[in-house]
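In our numbering, the protein residues as written are 18 to 362.
In this text, a Cβ means the ideal position worked out from N, Cα and C, and glycines have one as well.
In this text, all values refer to a predicted model and were calculated from it rather than measured experimentally.
What follows is a single structure, written as structure tokens, with notes after it.
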């Protein structure tokens with residue numbers, strides 16, 4: 018149940034809705050600032066952001082309906098009955114991607130990745146702020162129950178009331194760690210913007226976006242595994258929908274940079290690159306084994322979640338190595354700008 022923050026005439030505003038709204042506002046503001054810093058056109062960026070807001074709400078509701086059809090009479094009910102059900106973050110990603118594609122198709126920008134670069138920092142910040150609404154709802158909590166008072170309270174657990182028995186349970190604070198991961202990714206993207214402006218040329222476009230989806234995919238795939246209310250596809254009960262989306266997001270940068278590297282340098286298939294790709298595949302396999310054991314061995318789950326996260330972050334690190342190799346080939350004069358040390362761009 019969502020706690021009510023305040024009443025507005027005849028309507029009640031929940032804390033979850035309040036934090037989602039604040040997260041959306043933070044994302045839009047950050048997108049505009051990023052566009053200015055990257056010398057991008059603010060108009061197309063903000064128009065795309067406005068379209069994304071209009072698309073994200075219905076798409077995220079439809080995704081939620083697909084995973085929970087028993088809660089609605091049909092897709093129309095999911096779109097119109099806003100007093101029940103919820104939203105899916107997977108639908109938000111789809112909405113943003115479609116809005117940027119619309120801006121590209123109508124000719125307001127000639128570079129899709131440059132547009133997505135402007136959205137990346139704001140997306141991380143918006144997710145981080147929106148997740149804080151988990152303080153005021155029973156959603157977005159972990160499977161693991163804590164019984165030792167030493168682990169009561171943040172950063173380990175939060176208290177929720179069981180809707181059936183009325184008893185108090187201390188569950189893993191999944192939302193807190195998801196929010197913390199969002200803030201950490203936002204800080205990393207800000208550091209990337211400071212060390213290396215992405216508007217140097219089209220060859221650098223996509224850096225922020227690829228870094229964001231790689232890091233978000235790694236962290237969310239692991240943290241989603243902790244949740245007891247994760248959404249699942251109708252035909253697949255092994256991994257959740259958001260885990261599947263996170264894995265796709267994690268793979269996109271690796272494939273993108275690998276293809277660009279091979280096209281730019283036919284000699285790139287050297288032992289170093291093969292080792293990098295091999296390590297990445299091993300880490301994905303390790304994360305999959307961890308997920309299997311988490312679902313089969315509940316007592317081992319809290320020990321396996323960190324190992325799964327480490328494996329996925331190592332895969333993200335391997336992606337960074339491939340990206341560095343690719344930029345070394347395609348943009349040999351480009352360097353990250355370390356203040357007071359190097360003036361090379």
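Q) Just the Cα atoms here: how many angstroms apart are residue 317 and residue 156? A) To locate residue 317, count along the chain shown from 1; it is residue 300. To locate residue 156, count along the chain shown from 1; it is residue 139. The alpha-carbon atoms of residue 317 and residue 156 are separated by roughly 23 Å.
Q.
By alpha-carbon positions, which one of 104, 251, 123, 346 ends up nearest to residue 74?
A. Counting from 1 along the chain shown, the entry for residue 74 is found at position 57. Closest by alpha carbon: 104.
(Q) Could you check if residue 70 belongs to the surroundings of the ligand SAM, using beta carbon to heavy atom distance under 7 Å? (A) The ligand SAM is absent from the structure shown, which contains no ligand whatsoever.
Q: Give the single residue among 77, 268, 180 whose Cα lies nearest to the Cα of residue 97.
A: The residue labelled residue 97 in the question sits at position 80 within the chain shown. Of 77, 268, 180, the residue nearest in Cα terms is 77.
Q.
Using a Cβ-Cβ cutoff of less than 8 Å, which residues in the same chain neighbour residue 207 once the five nearest sequence positions on both sides are dropped?
A. On the chain shown, position 190 is the one that residue 207 refers to. Only 138 meet the Cβ criterion.
Q: Report yes if the CB atom of residue 190 is closer than 8 Å to the CB atom of residue 209, and no otherwise.
A: Locating residue 190 in the chain shown gives position 173, where the first residue counts as 1. Locating residue 209 in the chain shown gives position 192, where the first residue counts as 1. No; because the gap between Cβ atoms is not below 8 Å, this pair is not in contact.
Q. What residue ranges within the region 262-339 form continuous alpha helix (DSSP H) runs of no fewer than 4 residues, ordered along the chain?
A. 288-313
Q. Tell me the DSSP bridge mates of residue 244?
A. Taking the first residue of the chain shown as position 1, residue 244 is located at position 227. Residue pairing by DSSP places residue 244 opposite 159 in a beta bridge.
Q) Quick one: complete alpha helix (DSSP H) runs, 4+ long, within the region 20-80? A) 32-54
**Q.** Burial state of residue 108 (16 or more Cβ within 10 Å)
**A.** Taking the chain shown and counting its residues from 1, the one referred to as residue 108 is at position 91. That one is buried.
Q | Own chain residues within Cβ distance below 6 Å of residue 296, not counting five before or after | A | Within the chain shown, numbered from 1, the residue matching residue 296 stands at position 279. Cβ within range, chain order: 335.
Q | Contact under 8 Å by Cβ, residue 143 with residue 236 | A | By 1-based counting over the chain shown, the position of residue 143 is 126. By 1-based counting over the chain shown, the position of residue 236 is 219. No; because the gap between Cβ atoms is not below 8 Å, this pair is not in contact.
Q. For residue 300 versus residue 331, is the C-beta distance shorter than 8 Å?
A. For this step, residue 300 is matched to residue 283 along the chain shown. For this step, residue 331 is matched to residue 314 along the chain shown. A contact, by the Cβ cut-off of 8 Å.
Q. Using the rule of at least 16 other Cβ atoms within 10 Å of the residue's Cβ for burial, across every protein chain shown, is residue 309 buried or exposed?
A. To locate residue 309, count along the chain shown from 1; it is residue 292. Residue 309 comes out exposed.
Q: For residue 251, name the three-state secondary structure that DSSP assigns.
A: Numbered from 1 along the chain shown, position 234 holds the residue referred to as residue 251. In the three-state DSSP reduction, residue 251 falls in the coil class, being neither helix nor strand.
Q. Can you give the Cα-Cα distance for residue 183 and residue 241, rounded to whole angstroms?
A. Reading the chain shown from its first residue, position 166 is the one you call residue 183. Reading the chain shown from its first residue, position 224 is the one you call residue 241. Answer to the nearest angstrom: the Cα atoms are 26 Å apart.
Q. Looking only at DSSP bridge pairs, what is residue 189 linked to?
A. Against the chain shown, residue 189 aligns to sequence position 172. Residue 189 is bridged to 174.
Q. When the Cα atoms are used, what is the spatial distance from residue 172 to residue 193?
A. Against the chain shown, residue 172 aligns to sequence position 155. Against the chain shown, residue 193 aligns to sequence position 176. Taking the straight line from one Cα to the other gives about 7 Å.
Q: With DSSP collapsed to three states, give me the class of residue 89.
A: In the chain shown, the residue the question calls residue 89 occupies position 72. DSSP places residue 89 in coil when its eight states are reduced to three.
Q: Find out if the Cβ-Cβ distance for the pair residue 125, residue 61 is shorter than 8 Å.
A: The sequence position of residue 125 within the chain shown is 108, counting from 1. The sequence position of residue 61 within the chain shown is 44, counting from 1. Closer than 8 Å, so yes.
Q: Pick out whichever of 340, 37, 91, 118 has its Cα sitting closest to the Cα of residue 149.
A: Residue 149 sits at position 132 when you count from the first residue of the chain shown. The shortest C-alpha separation from residue 149 is found at 37.
Q.
If distances are taken between C-alpha atoms only, which option among 278, 120, 164, 321 comes closest to residue 243?
A. Here residue 243 refers to the residue found at position 226 when the chain shown is read from its first residue. The candidate whose alpha carbon is nearest that of residue 243 is 321.
(Q) I'd like to know whether the C-beta atoms of residue 343 and residue 274 end up nearer to each other than 8 Å. (A) Counting from 1 along the chain shown, the entry for residue 343 is found at position 326. Counting from 1 along the chain shown, the entry for residue 274 is found at position 257. Cβ distance < 8 Å, so residue 343 and residue 274 count as in contact.
Q.
Taking the straight line between their C-alpha atoms, what separation do you get for residue 127 and residue 121?
A. Along the chain shown, one-based indexing puts residue 127 at 110. Along the chain shown, one-based indexing puts residue 121 at 104. C-alpha of residue 127 to C-alpha of residue 121: approximately 6 Å in a straight line.
Q: Enumerate, from N- to C-terminal direction, the unbroken alpha helix (DSSP H) stretches of 4 or more residues contained entirely within the region 112-167.
A: 129-148
Q) With distances taken from CA atoms, which of 181, 259, 234 is nearest residue 202? A) Start at 1 with the first residue of the chain shown, and residue 202 comes out as number 185. Closest option to residue 202, Cα to Cα, is 234.
Q) Taking DSSP as the reference, what is the three-state secondary structure of residue 257? A) Residue 257 sits at position 240 when you count from the first residue of the chain shown. Note: residue 257 maps to coil in three-state DSSP.
Q. DSSP three-state call for residue 105: helix, strand or coil?
A. To locate residue 105, count along the chain shown from 1; it is residue 88. For residue 105, the three-state secondary structure derived from DSSP is coil.
Q | Proximity below 8 Å, CB of residue 134 to CB of residue 55 | A | For the purposes of this step, residue 134 is taken as residue 117 along the chain shown, with counting starting at 1. For the purposes of this step, residue 55 is taken as residue 38 along the chain shown, with counting starting at 1. Yes.
(Q) Closest to residue 14 by C-alpha separation, out of 162, 170, 163, 165, would be which residue? (A) Any property of residue 14 remains undetermined from this structure, which presents the chain solely from 18 to 362.
Q: Reducing DSSP to helix, strand and coil, say where residue 234 ends up.
A: Within the chain shown, residue 234 is the residue found at index 217, counting from 1. Reduced to three states, the DSSP call for residue 234 is helix.
Q.
For residue 280 and residue 200, I'd like the C-alpha separation in whole angstroms.
A. In the chain shown, the residue the question calls residue 280 occupies position 263. In the chain shown, the residue the question calls residue 200 occupies position 183. If you take the alpha carbons of residue 280 and residue 200, they lie about 35 Å apart.
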